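Written out below as structure tokens is the structure these notes cover.
There are 2 protein chains.
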Amino acid sequence: MQPIGFKSHDHGTCIAHSVTSVQKQCAERGLQLTHVRQRVLEILLAKHQAMGAYDILAVLKAEGFSAQPPVAYRALNFLVGNGFAHKIERLNAFVACSHPSSEHVPAFLICRVCENVAEGIANLSEDTVAASARDAGFIIERAVVEAEGVCPNCDGAQP
Amino acid sequence: MQPIGFKSHDHGTCIAHSVTSVQKQCAERGLQLTHVRQRVLEILLAKHQAMGAYDILAVLKAEGFSAQPPVAYRALNFLVGNGFAHKIERLNAFVACSHPSSEHVPAFLICRVCENVAEGIANLSEDTVAASARDAGFIIERAVVEAEGVCPNCDGAQP
DNA sequence: TGATATATGTTATGGTATATCATAACAAGT
DNA sequence: ACTTGTTATGATATACCATAACATATATCA
Chain X
1 MQPIGFKSHD HGTCIAHSVT SVQKQCAERG LQLTHVRQRV LEILLAKHQA MGAYDILAVL
61 KAEGFSAQPP VAYRALNFLV GNGFAHKIER LNAFVACSHP SSEHVPAFLI CRVCENVAEG
121 IANLSEDTVA ASARDAGFII ERAVVEAEGV CPNCDGAQP
Chain V
160 MQPIGFKSHD HGTCIAHSVT SVQKQCAERG LQLTHVRQRV LEILLAKHQA MGAYDILAVL
220 KAEGFSAQPP VAYRALNFLV GNGFAHKIER LNAFVACSHP SSEHVPAFLI CRVCENVAEG
280 IANLSEDTVA ASARDAGFII ERAVVEAEGV CPNCDGAQP
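In the order they appear, the protein sequences are chains X and V. Counting from 1, position 14 in the first sequence corresponds to residue 14 in my numbering; the numbering is continuous, with no gaps. Counting from 1, position 139 in the second sequence corresponds to residue 298 in my numbering; the numbering is continuous, with no gaps.
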């Protein structure tokens, strides 16, 4: 599967499709995609840059939502916990999931110049990581790959 | 290569060997392994659990070092920047590197029960991650794998 | 309806990290 | 000796990230 995020595409339909997909999954799984939760998802979808909780909070505030930190964190925890968004630990920031319909190990390609983020999929089960874990008797429940580097748009433009 | 950290071993010699190795590398590479830096490395080596900067700071303080946050962060940045330690983003914490003599993509196996951490080595270049990056034209400069799960010592003991 | 669970509002606080400015220590050039 | 460059420390303040705790409201279902 291809990472998205470093190619131009139609954000409008991209956002609409993702929201529809998440709504459908919530309905199927008995999850409540409340107003705030959906709005936070949309805010994340509107960028391919990772957003900090306080950035999101600022947007919510401008729209008249209550804007104490827990409001953002609760919505983010809902989205992350159900696979609709991811937290990028390296940046203490969040992104909407690009592949929300399937279980996967996300691999983030983080451009250190423009700070855009693309999400790919890692296949750790065929990596030395899986062998290490097996040898050690360690059971992997969740995993993430975070790679920092330079995206094609910034390569050459800036060192 | 095997992860270490979930097997018992002789910490005393483990620490001594690591410190000697790092001292040697610093000498070769013209890096100054100052008193604080070495002490922080030793503090990290003394555990296989990740330590927060403020945990380290508390130890330093007890030993009479100056104990403002930048003291710990500067030493940690030196160690991380030169490959002698790693930061585990998921925990906002630091561990001494288990393979300080070679460039590698570290893969952390983090036990969510006992919070011990083992370090293995990932081979992303043969993972789908490398293909994704290549397709996207993204140049990976640094990467890390963080896996959360249950270690062999905790499996069965606690759900 | 009433009982239970889930979601939100709000205040306060805890934990992590860095910016900034000042100083020390030492090496190297003039 | 004097200046300059460089690297490491000391110290203060503040920015930034995240959650605890408790009250209130809304949904869901027996």
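We treat Cβ as the ideally placed atom computed from N, Cα and C, and that holds for glycine. Since the structure is predicted, the reported quantities are computational estimates derived from the model, not experimental observations.
Problem set entry | Contacts of Arg134 (chain X) in chain V (Cβ-Cβ under 7 Å) | For the C-beta of Arg134 (chain X), not a single chain V residue is nearer than 7 Å; the gap to the nearest is close to 10 Å.
Exercise. Nearest to Ile139 (chain X) by CA position, among V:Ile298, V:Thr193, V:Ala295, V:Asn312, is which residue?
Worked result: The residue with the shortest Cα to Cα distance from Ile139 (chain X) is V:Asn312.
For this session: Please check if any C-beta of chain V sits within less than 9 Å of the C-beta of Glu126 (chain X).
Result: Taking Cβ atoms only, chain V reaches closer than 9 Å to Glu126 (chain X), which makes this a yes.
Problem set entry | Limits of the alpha helix (DSSP H) - the one that Phe237 (chain V) falls within | For Phe237 (chain V), the uninterrupted alpha helix (DSSP H) segment begins and ends at 228–240.
For this session: With 9 Å as the threshold, decide whether the Cβ of Val239 (chain V) is near any Cβ in chain X.
Result: Chain X contact via Cβ: absent.
Exercise. Can you find a C-beta in chain V that's less than 9 Å from the C-beta of Leu109 (chain X)?
Worked result: With 9 Å as the cut-off, Leu109 (chain X) counts as an interface residue toward chain V.
Exercise. In angstroms, rounded to a whole number, what distance separates the CA positions of Leu31 (chain X) and Ile247 (chain V)?
Worked result: Pairing Leu31 (chain X) with Ile247 (chain V), the inter-Cα distance amounts to about 32 Å.
Exercise. Three or more beta-carbon pairs under 8 Å between the segment 118–138 of chain X and the segment 292–308 of chain V, yes or no?
Worked result: Short answer: they touch.
Exercise. Cβ of Asn123 (chain X) within 9 Å of Cβ of Val288 (chain V)?
Worked result: Between Asn123 (chain X) and Val288 (chain V), the gap from beta carbon to beta carbon is short of 9 Å.
Problem set entry | Distance, Ile269 (chain V) Cα to Gln38 (chain X) Cα | So the alpha carbons of these two residues sit roughly 32 Å apart.
Problem set entry | Inter-residue Cα distance where the pair is His11 (chain X) and Ser291 (chain V) | Straight-line Cα distance between these residues: approximately 21 Å.
Exercise. Which of the residues in the segment 297–310 of chain V, read from start to end, lie with their CB under 7 Å from any CB of chain X?
Worked result: Residues of the segment 297–310 of chain V that bring their beta carbon within less than 7 Å of a beta carbon in chain X comprise Phe297, Ile298, Ile299, Glu300, Arg301, Ala302, Val303, Val304, Glu305, Ala306, Glu307, Gly308, Val309, Cys310, in sequence order.
Exercise. Which residue from V:Cys273, V:Ile280, V:Glu187 puts its Cα closest to that of Gly315 (chain V)?
Worked result: Cα-wise, what sits closest to Gly315 (chain V) is V:Cys273.
Exercise. Looking at C-alpha atoms only, which residue of X:Glu103, X:Leu79, X:Arg90, X:His104 is the closest neighbour of Ala96 (chain X)?
Worked result: The shortest C-alpha to C-alpha distance from Ala96 (chain X) to any of X:Glu103, X:Leu79, X:Arg90, X:His104 is the one to X:Leu79.
Problem set entry | Cβ of Ala93 (chain X) within 9 Å of any chain V Cβ | So no, Ala93 (chain X) is outside the interface.
Exercise. For Ala151 (chain V), which three-state DSSP category applies?
Worked result: Because chain V is modelled from 160 through 318, residue 151 (chain V) falls outside the range shown and cannot be assessed.
Exercise. Is the shortest distance between the beta-carbon of Lys206 (chain V) and the beta-carbons of chain X less than 9 Å?
Worked result: At a cut-off of 9 Å between beta carbons, Lys206 (chain V) makes no contact with chain X.
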